Amino acid sequence: VNTLTNILIDGLAYGMVLFVIAVGLSITLGLMRFVNLSHGAFAMLGGYCAALLTREAQWSFWLAMPMAVVATGLFAAVLEALVLRHLYRRKELEQVLFTIGLSFVVIAATNALAGPQVQLITLPPLLSGSVDLGFRTLPAQRLLVIGAGLLVAAGAAWAVACTRFGIWLRAAVDHSGTASALGIPIRLVQCGSFAAGAALAALGGILGAELMPLEPYYALKYLVLVLVVVAVGGMGSITGSLAAALLLGLIETASKYLASDWGSLFFFVAMAALLAWRPRGLLVR
Amino acid sequence: MQSVRRALTVAALATAGAFAAAPPALAQAVKVGIVGPFSGPFAHYGTLFKAGVEAYVASEGGKLAGKTVEFVYRDTGGPNPGQTKTLVQELIVKDKVDYLGGFVFTPNALAVAPLIQQSQTPTVIFNAATSSITEKSEYFIRTSYTLWQVTVPLAQWAAQQNLKKVVIAVTDYGPGLDAETAFKTEFTKQGGTVVESIRMPIATTDFGPFVQRIKASGAQAVYTFLPGGPPNLGFVKAYNENGLAKAGIQFLGTAETDEFDLQKLGDAALGLTTAFHYSGAHDSAVNRKFIEALKKRDPNAVANYASVGAWDGMHVIHKMIEATGGQKDGLKALAAARTLQWESPRGAVRIDPKTRHIVQNVYLRKVERAGALLVNKEVQSFGPQTDHGLDAK
Numbered sequence: 335v336n337t338l339t340n341i342l343i344d345g346l347a348y349g350m351v352l353f354v355i356a357v358g359l360s361i362t363l364g365l366m367r368f369v370n371l372s373h374g375a376f377a378m379l380g381g382y383c384a385a386l387l388t389r390e391a392q393w394s395f396w397l398a399m400p401m402a403v404v405a406t407g408l409f410a411a412v413l414e415a416l417v418l419r420h421l422y423r424r425k426e427l428e429q430v431l432f433t434i435g436l437s438f439v440v441i442a443a444t445n446a447l448a449g450p451q452v453q454l455i456t457l458p459p460l461l462s463g464s465v466d467l468g469f470r471t472l473p474a475q476r477l478l479v480i481g482a483g484l485l486v487a488a489g490a491a492w493a494v495a496c497t498r499f500g501i502w503l504r505a506a507v508d509h510s511g512t513a514s515a516l517g518i519p520i521r522l523v524q525c526g527s528f529a530a531g532a533a534l535a536a537l538g539g540i541l542g543a544e545l546m547p548l549e550p551y552y553a554l555k556y557l558v559l560v561l562v563v564v565a566v567g568g569m570g571s572i573t574g575s576l577a578a579a580l581l582l583g584l585i586e587t588a589s590k591y592l593a594s595d596w597g598s599l600f601f602f603v604a605m606a607a608l609l610a611w612r613p614r615g616l617l618v619r
Numbered sequence: 031m032q033s034v035r036r037a038l039t040v041a042a043l044a045t046a047g048a049f050a051a052a053p054p055a056l057a058q059a060v061k062v063g064i065v066g067p068f069s070g071p072f073a074h075y076g077t078l079f080k081a082g083v084e085a086y087v088a089s090e091g092g093k094l095a096g097k098t099v100e101f102v103y104r105d106t107g108g109p110n111p112g113q114t115k116t117l118v119q120e121l122i123v124k125d126k127v128d129y130l131g132g133f134v135f136t137p138n139a140l141a142v143a144p145l146i147q148q149s150q151t152p153t154v155i156f157n158a159a160t161s162s163i164t165e166k167s168e169y170f171i172r173t174s175y176t177l178w179q180v181t182v183p184l185a186q187w188a189a190q191q192n193l194k195k196v197v198i199a200v201t202d203y204g205p206g207l208d209a210e211t212a213f214k215t216e217f218t219k220q221g222g223t224v225v226e227s228i229r230m231p232i233a234t235t236d237f238g239p240f241v242q243r244i245k246a247s248g249a250q251a252v253y254t255f256l257p258g259g260p261p262n263l264g265f266v267k268a269y270n271e272n273g274l275a276k277a278g279i280q281f282l283g284t285a286e287t288d289e290f291d292l293q294k295l296g297d298a299a300l301g302l303t304t305a306f307h308y309s310g311a312h313d314s315a316v317n318r319k320f321i322e323a324l325k326k327r328d329p330n331a332v333a334n335y336a337s338v339g340a341w342d343g344m345h346v347i348h349k350m351i352e353a354t355g356g357q358k359d360g361l362k363a364l365a366a367a368r369t370l371q372w373e374s375p376r377g378a379v380r381i382d383p384k385t386r387h388i389v390q391n392v393y394l395r396k397v398e399r400a401g402a403l404l405v406n407k408e409v410q411s412f413g414p415q416t417d418h419g420l421d422a423k
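One line per chain: the protein sequences are L and R, in this order.
Using my numbering, read the first sequence as starting at 335 and increasing by one per residue.
Using my numbering, read the second sequence as starting at 31 and increasing by one per residue.
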């Protein structure tokens with residue numbers, strides 16, 4: 335029973351980290367249909383921003399986190415307006431090649447500027463300790479991740495489903511010609527959504543840094559995990575991504591407790607099985 | 031017009047003169063090929079190798095045994111035996127290097143064994159730590175360490191401390207399994223019990239579950255081995271955040287508190303116990319000289335096992351140049367290297383004539399704060415240790 339509760343708690347925490355990192359991609363790849371393999375690079379950018387602000391500039395974590403998220407969003411908006419928008423109409427392979435190339439550029443640049451070492455984000459005392467749950471302890475930072483993950487899931491799902499911007503976005507993706515004829519500012523919608531996706535990536539990079547440490551190769555290292563979550567969750571479904579992240583997180587954690595000699599086998603077997611069962615997304619029949 | 035032509039003639043003559051003078055100078059230079067990762071995720075090893083060997087030459091006044099030394103650096107990226115073999119073949123055939131040094135990864139070192147054997151090129155391994163490498167060619171000399179070498183005295187010490195039950199948690203790859211076998215063999219021999227052996231997948235990012243298993247195993251201590259960088263940080267963090275130190279489960283490690291990662295670990299590292307052959311805080315005049323020379327060459331270089339391995343490796347090459355008078359003579363060089371003993375920044379060391387592996391003191395260290403920095407404070411010396419991995423055979 336103890337092992338079971340441990341699996342549930344650690345699995346929930348790990349799944350939430352996966353979700354927070356993947357949710358941004360589920361917007362750019364899932365909703366905008368833009369094959370964005372530079373997602374990890376944006377997450378890393380946000381993380382590095384927060385690390386530099388908290389460590390070098392001695393900012394409070396609570397101030398540095400929103401600052402880094404906004405900065406990454408703005409950077410992504412500029413990049414989208416200047417470069418990436420020309421890629422929307424290109425073939426998927428060209429999008430893949432360009433964004434993976436962008437990741438390599440970001441990796442080399444961070445390596446040259448900040449060095450190969452791991453960058454740490456200084457956490458406030460409130461988060462750096464651990465919380466006693468009675469029968470075991472849990473790092474306090476995980477509670478923040480779980481809370482933030484739920485907030486982001488609810489917020490993003492609401493924004494896409496109920497706000498005017500969300501309606502514009504879905505219209506722009508489904509049929510951009512008609513949408514623009516109806517007076518929807520297509521360019522603004524695309525740029526805004528891409529920036530939002532990158533900002534969420536940055537949030538994931540910051541909150542997930544405890545489990546996925548920031549280093550130059552971050553941009554590619556964890557990309558597979560993130561792509562798996564989005565693929566299993568279904569293109570563009572934010573609740574689907576949440577369900578997929580939690581389920582895969584639980585499976586991975588359970589295999590660590592019960593069968594660690596098998597490595598990540600169960601994670602990928604689960605991925606294959608889920609994709610075979612529900613190829614269009616976990617929550618789509 | 032006349033003056034232009036004269037100027038050209040003079041220039042041509044001067045150039046010719048320079049070329050004529052060049053060959054003897056080149057013939058005097060000893061060429062050393064340094065093979066390691068200079069790009070990619072392991073690039074810091076290459077940087078430290080470069081700083082270590084160049085600092086050594088600079089500290090000897092720029093020449094070794096009266097010869098200028100020319101370094102040729104070759105980048106292997108990560109573990110990549112095929113490419114390493116090609117690079118080393120080029121170094122031997124085209125660049126005609128007299129000595130080779132470097133090698134971070136075991137497979138890369140193993141791949142070049144036939145080449146150095148055939149060409150009789152003395153090769154000093156600065157890092158790769160699997161025991162069996164030096165058996166593959168008699169031209170291999172190693173100035174790093176092996177996992178057996180540092181783990182066996184740690185297991186003996188643990189048994190003396192009345193630790194009866196230990197859990198082993200290692201990363202599931204070559205060196206990790208080496209570490210597991212070494213600890214288990216020695217600790218069981220000393221009468222202890224290994225209650226559980228956990229192998230953690232190499233791609234692990236969340237160490238929480240493993241740390242919970244360690245806690246639940248009922249052991250008094252955990253012996254661990256992890257590759258440097260992110261896994262190291264993740265494990266130490268999880269060890270602290272899940273309250274293992276408070277629960278009285280002692281941490282026993284080797285390279286986990288390496289100086290390259292140490293400051294990143296922060297207060298989480300305080301009190302961690304490791305057994306290792308080199309600490310940047312080793313208190314000796316030779317070590318201070320080493321650190322000073324290293325910082326002069328590259329202010330960002332860290333005094334750790336990689337840079338000290340390169341420094342001592344260069345010392346071995348220095349002595350081989352001395353013994354051969356700068357001529358390429360692999361057999362004579364090796365004969366000299368086999369009996370070397372000297373004072374290294376890590377303490378007194380010698381080369382074991384049979385295994386060509388370095389015999390060195392292994393120290394028990396605890397992480398302490400010295401001013402603003404964390405250091406590995408040596409609390410006890412286990413005395414000179416041979417490579418127990420080769421001895422065990």
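All residues carry an ideal CB built from backbone N, CA and C; glycine is no exception.
Just so it is clear, the structure is predicted and the values come from calculations on it, not from any experiment.
- Nearest CB-CB separation between lysine 267 of chain R and chain L: below the 9 Å threshold.
- Lysine 126 of chain R sits exposed, since fewer than 16 C-beta atoms from the chains shown fall within 10 Å of its C-beta.
- With contacts defined as CB atoms closer than 9 Å, lysine 294 of chain R and leucine 263 of chain R qualify as a contacting pair.
- Residue contact with chain L for glycine 413 of chain R: absent (no Cβ-Cβ distance below 9 Å to any residue of chain L).
- If you check the CB distance, glycine 345 of chain L and glutamate 586 of chain L come in under 9 Å.
- Neighbourhood of threonine 235 of chain R in chain L, by CB distance below 7 Å: Leu545 and Met546, in chain order.
- DSSP lists R/Ala378 as the bridge partner or partners of glutamate 373 of chain R.
- Chain R has a Cβ within less than 9 Å of the Cβ of glutamine 451 of chain L.
- In its chain, beyond the 5 residues on either side, Thr587, Ala588 and Tyr591 have a beta carbon closer than 6 Å to the beta carbon of isoleucine 341 of chain L.
- Going by C-alpha positions, serine 174 of chain R is about 18 Å away from alanine 311 of chain R.
- One Cα belongs to serine 314 of chain R, the other to glycine 377 of chain R, and the distance between them is close to 8 Å.
- Around the beta carbon of arginine 327 of chain R, 16 or more other beta carbons sit within 10 angstroms, so the residue counts as buried.
- For tyrosine 382 of chain L, there are no C-beta contacts with chain R under 8 Å, since the nearest C-beta of that chain is about 14 Å from it.
- At a cut-off of 9 Å between C-beta atoms, aspartate 291 of chain R counts as an interface residue with respect to chain L.
- Counted as a single uninterrupted DSSP element, the stretch harbouring phenylalanine 469 of chain L is not any alpha helix (DSSP H), since DSSP gives it neither H nor E.
- CA-to-CA, the gap between alanine 410 of chain L and phenylalanine 368 of chain L works out to about 14 Å.
- Across the set R/Ile381, R/Lys93, R/Asp382 and R/Asn138, the C-alpha of R/Asn138 shows the shortest separation from the C-alpha of isoleucine 64 of chain R.
- Residue-level contact by beta carbon holds for threonine 587 of chain L and chain R, with a gap shorter than 9 Å.
- In this structure, glycine 343 of chain R lies away from isoleucine 146 of chain R, with their beta-carbon atoms at least 9 Å apart.
- According to DSSP, residue pairing for isoleucine 355 of chain L in a beta bridge does not occur.
- In chain order, His373, Val560 and Val564 place their CB closer than 6 Å to the CB of leucine 359 of chain L, counting only its own chain and leaving out the 5 sequence neighbours on each side.
- The beta carbon of valine 507 of chain L is closer than 7 Å to those of Leu365, Met366 and Arg367 in its chain, skipping five residues each way along the sequence.
- Listed by position along chain R, the residues whose Cβ is nearer than 8 Å to that of threonine 471 of chain L are Glu271, Asn272 and Gly273.
- As the crow flies, the alpha-carbon of alanine 532 of chain L is around 23 Å from that of leucine 582 of chain L.
- Around isoleucine 228 of chain R, the beta-carbon contacts reaching into chain L at under 8 Å are Ser594.
- According to the DSSP assignment, tyrosine 269 of chain R belongs to the alpha helix (DSSP H) that extends over 260-271.
- Cα atoms of phenylalanine 412 of chain R and valine 479 of chain L: separation of roughly 45 Å, rounded to the nearest angstrom.
- The way I'd put it, the stretch 488-508 of chain L does touch the stretch 517-529 of chain L; three or more beta-carbon pairs between them come closer than 8 Å.
- Put simply, the backbone Cα of arginine 389 of chain L is about 29 Å away from that of valine 558 of chain L.
- Taking valine 392 of chain R as the centre and dropping the five residues before and after it, the same chain places the C-beta of Val180, Pro183, Ala305, His307, Phe412 and Gln415 closer than 6 Å to its C-beta, in chain order.
- Counting along the chain, no alpha helix (DSSP H) covers valine 618 of chain L, and no H or E run does either.
- Taking a C-beta distance under 9 Å as the contact criterion, methionine 350 of chain L and alanine 482 of chain L qualify as a contact pair.
- Listed in chain order, the beta strand (DSSP E) runs fully inside the stretch 103-170 of chain R are 129-132 and 153-155, counting runs of at least 3 residues.
- With a 10 Å radius around the Cβ and a threshold of 16 neighbouring Cβ atoms, asparagine 330 of chain R comes out exposed.
- In chain order, Glu586 and Ser589 place their CB closer than 8 Å to the CB of serine 598 of chain L, counting only its own chain and leaving out the 5 sequence neighbours on each side.
- By the C-beta criterion, the stretch 274-287 of chain R is judged to be in contact with the stretch 247-259 of chain R, since at least 3 inter-stretch pairs fall below 8 Å.
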